[in-house]
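For the sequence shown, counting from 1, position 719 maps to 719 in full-length UniProt numbering; every step adds exactly one. Yeah, the Cβ is synthetic: ideal placement off N, Cα and C, and Gly gets one too. If you're wondering where the values come from, they're calculated on a predicted model, not measured in any experiment. Please read the structure below before turning to the comments.
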Amino acid sequence: VLDAFDLTDFAEWLKLKFTKERSSFNLTSKKERNTSNKSIKSIDFDVYMDKNTEFNVFGLIIPNDKLCSQIDNNQNMEGQYYISTPLELLFLSYIKVISKFNPCYNLNLRLFIKEENSELTAKNINICRNVSINGIQKILLTRVRIADDQVVKITSEYNSLILEYCTGRFIVPGIQVGVKKYINLQNTTFIQFYRIEEDIYSCKMTGINFEDKLLVSHKIRIAQLENSVLYEDIGLEFKYGCEILHLFDTKGVIISPDNNFKKIILSSYYQNFPVYYLSYPVYEIIISSCTINHQILIFTDSTKRIRLYSVQLTGHSMVAIDHECEKIAIWKTTGRFVISNIIKTSPLRQAILNLRNGVFIFGSNFSKTQCSLLLEHVVIKRRTIVRENVHVLNLISVVIRRRAVLKINDDCEVLLIDSCKGNIDFSGCTNLRSLTIKNHKFIYHKGIYDNLLSLHLENVNINTTLRLGGNIKNVKLVGVTTRLFKSVQIDRNCEMVHVRNFVGSLDIPDLFIYSGKMFTRRMITIAYERMSDTFGGVMFFNDIYLKNDYEIPSNVESLILRNFMTNENARLKINESCKYLKLNVYQGYIDVSKMKSIKKVAFLKYLPIFGDNCWEFSDQCKYPVNKIGKKKINLPINIDNVIIERVNIQSNYSLVVNENCQNVAIIFSEGNFDLSRIKKLASLKLLIEKQGLINIQFPDLSNVTNLEVSFDSNEEYFNLLLSKCINAKKLVLYNVVCELHDWIENQSLLGYKEEMTPYELSELKSIVGAESRAYQCRLSYDLHRNFITHSRPIFDYNRQVIIRDLSIIAFSIDKESLKQLKRFFMLTRLSIVTRTIFAGLFDSLPFSLNDFSLMLIPCHVTVDLGIYAAEDIDSKKKNTKNINLVNLRLHGLFIVKMEQFLSFPDKVDVLEVMPLAMLSDKEIQVRKKMWVKKLIIMQMNSRTREIIRSDYALEEYYNHLLNVLSQYIDFSYLEEIKILDQDTEKLVDPRDYSTNR
């Protein structure tokens, strides 16, 4: 030894560099501890070797009292070596016990010790002597090679262990093969164990091929085995049990005490399907992507949940289920099924269902009071009866052979028949409340139709007069044709009517009060709905050409016109009670003589010539033309709230907004706008698409409380509005606006309800659907704009005490921005839409915050999420536990990457999660789970939904999503789970996913 010393006498922190040239330098450690008052506070040690240099740079950063090793390392290259401190790791690297094994790979060594946490990372190294790893909580070894007859021993309990493509002998607590204490790994093996509770682990093993029984002595919550070959007799035993077992093309028998697994998942068995697992007393079995040859699958009575996804039953294979189940889900499966407890024929014969890439889903609702059944792509060859107590029945592409009949149970309440063939008998369904028939012959039973609350007919021919009585509440007719002298008559009490592409006679009293029986033509849409909120009755016309005068019914308060026209003599008369108008009219006359209490008007694409009693729209010119030659277009005095969207005003004209107007939105419009006459402007929304094509004269802006503005091509107005709207309490700030995305309207603060009706009427949504496949997103080129740089006016102290609600969309948010956000101590709601964020985000949130939203930019071009470390944030100033968040809204990707944040909220009342298009549970992090009272799975956009449906049944996807979320959220504390999908809500029992109940 050329040199030996103890640094704790004089160093609180020290950085040492050891290079290849210092080959004579050695380190040792003293057995006796130094008694000096000086001490080392922490250690962060990194070793990196590039592929061109044997030893490049050793970096050692010391601020900890563990500088002196607790064990005197022997340097004679014999015996046992230890790794428990960074200096010991450095020492082993120096004496070549640890070295890189291939010049083509980079070597990576890292041992991090801070307070009670310790992490060891080793990649692409050789270990030529026995080494013991002591007291390290998180261990990641990748492509580590152990010399023959040498062993790496992990001597203490760990929180996380990953052995990835390692070779050689390892002694790991909780794992052994046969009577040997060590396991001998091959370079195709992946082993992961991670602690999820005090004495409970989950694990994943891939490429296992041992010649003896593998014994796992940890108590296991979830075990995943992929592409493994186990010992022929008993390949693996869980000594203290396993709750959930997931086998992916794994051969061999796996057991546990009494084989009492809660769930077994069998995936990707294309031959030699392990049918013996079905005899285990398992609560739930899932079979996915398997081929079953000449086997009959029979489940035990204890199996209450059965799921089959993408299964092929060949030869004489069959699935038989004859006991009561809580859930049966069969999706995209081909084969024969006997499910006698649900589908019957007679007491002496079994009903055989032939599925051809078909679907069979049976289950009960959240309250367990109603059962539902879905049959899709199923062939029925004999008379078949649906059992009693099935209240919701959906039949899609079901084929009933000739002379056979499918008899619907009498207590069915909701029935859907879509694209089916054959005889379906629901004549006894006197309790039926909702009926949907699509692409099928019309079936009429007068007594049943008289009691209906909801009727939906699509692409059917009606050969009788259909009278819907006083009970009817909802009617939807799409592509319906009535025969000559036949009609559809709807009672005046109906609350919702939607008619599209209807041919024939339609009689709706009070809705069409002047026309009585109204003959319509194809390609039009008429919709009416009574809404319980402030919008009252809503009426929608699409592609209507009005030939005669028509007055909007007196109970309609909201009117939406799209592609609407009238002839020269016809007038659309607005009633006295109308409050909301959304107009896309390119030719026609609207009589407004009775309109008095209008609250909000939205003009899309065209402005009319405003008269005292009539608004005239013309398709002769895209710009408004004033007949008496005035240069100003005056907005009527009775309009208090106006939205101007995609309107181009002729250059020699100016739109003058009246003095009483309180809320103004100008969206992607061009021309001159004079707002200077407004006395008290309360809300302003300004989204500009092209710079220099708009000129606005503003009024006094000190009264504006709600401001929504985009920076894109609008820097001058953006800065002006942020500076002048000094009393704005709510701000929505866009870096750039892209028409491909639908979050423009979702973040709108003006309160105009774009989704007035449930028929996807929003113009913006139609643009999203039409353009998303043709154009690229503009956002990806402008995300570099820094938020604090371009929004400095709002960081004034006087503004920080005023702002209550802030939305930041598509800006770059750096560390300085996070620090400034914390100063908004009156902020109660914050929304951020971004692609990258710093790891210290949650430590920078204001204490006053109770509603926080963090979403990814919803671009159809896939982008990677970046969570960057913020090393200069003082850990003592972490305030996550001090924030009392009530509502937290997150994209699912932030949930699964929560470990990358410096801190994360431990507890919220309501958590809303935006679903991920791709789910993966391969990289599971160790973290204390969140406590949540109510979990809401948010409604995904249509693009994400299409991606998911190409790979999953939606039910399978949501089940998988909740299983993944259960690794990060403590479901035992959940009171409610709600899934939002296509304007419907589905309640899920949290107990189905909790492991503690």
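Closest residue to residue i among the options (Cα-Cα distance)
i	options	result
L954	I472, E324 and M940	M940
S676	N695, P793, T206 and N575	N695
S419	R433, V399 and V405	V399
I837	F852, F824, T334 and I813	I813
P636	K600, L373 and S618	K600
V642	Q650, V656 and I133	V656
T121	N108, I133 and R129	N108
L395	Q370, E529, N439 and T369	N439
F540	I98, N703 and I552	I552
N106	V503, L90, R195 and N124	N124
residue 1013	V647, S723, P699 and N660	Any property of residue 1013 remains undetermined from this structure, which presents the chain solely from 1 to 997.
L393	T384, I380, N409 and R383	N409
DSSP three-state assignment for residue i, whether helix, strand or coil
i	result
G358	strand
L749	Below a pLDDT of 50, predicted positions are generally treated as unreliable, and L749, at 29, falls in that range; the measurement from the model is reported next regardless. Three-state result, L749: coil.
residue 1010	This structure cannot settle anything about residue 1010, because the visible part of the chain is limited to 1 through 997.
D507	strand
L7	Because L7 carries a pLDDT of 48, less than 50, the predicted location of this residue cannot be relied on, and no value is offered for it.
S950	coil
F45	Confidence at F45 is low in this model, with a pLDDT of 46, below 50, so the placement of that residue is unreliable and no value is reported for it.
I895	helix
Y550	strand
Y309	strand
G537	strand
R129	coil
R823	coil
T333	strand
L466	strand
Q697	strand
G152	Residue identity check: residue 152 is Val in the sequence provided, not Gly. In the structure shown, V152 sits in a strand (DSSP, three-state: E or B).
K486	coil
E975	coil
L668	In the sequence under discussion, the amino acid at residue 668 is Phe, which differs from the Leu named in the question. Correct three-state label for F668: coil.
N941	coil
N56	Legend: pLDDT at N56 = 33, less than 50; position of this residue unreliable, no value from coordinates given.
L916	coil
Buried versus exposed call for residue i [16 or more other C-beta atoms within 10 Å across all chains shown]
i	result
T188	exposed
Y276	exposed
F603	buried
G168	buried
N567	exposed
P990	buried
V861	Unreliable positioning characterises V861 in this predicted model, as indicated by a pLDDT of 44, which lies under 50. The coordinate reading is nonetheless provided below. Result: exposed.
L707	buried
L987	exposed
S950	exposed
L721	buried
P846	buried
G588	buried
Residues near residue i by beta carbon distance below 6 Å, same chain, minus five either side
i	result
S487	T465, S505 and D507
Q312	T291 and T334
L455	L435 and V475
F210	V177
F718	V709 and F711
D992	none
Q489	R467 and D507
Residues that DSSP places opposite residue i in a beta bridge
i	result
C203	F193 and A223
K123	N108 and T142
N584	R562
Q176	L215
F442	None, per the DSSP bridge assignment.
M531	Partner(s): none; M531 has no beta bridge.
E985	L980
Nonlocal neighbours in the same chain, by C-beta distance under 8 Å from residue i, ignoring five residues either side
i	result
I948	P915, A917, M940, L954 and Y957
Beta-carbon contacts of residue i that lie in its chain and below 7 Å, excluding the five residues immediately before and after
i	result
K680	Q662 and N703
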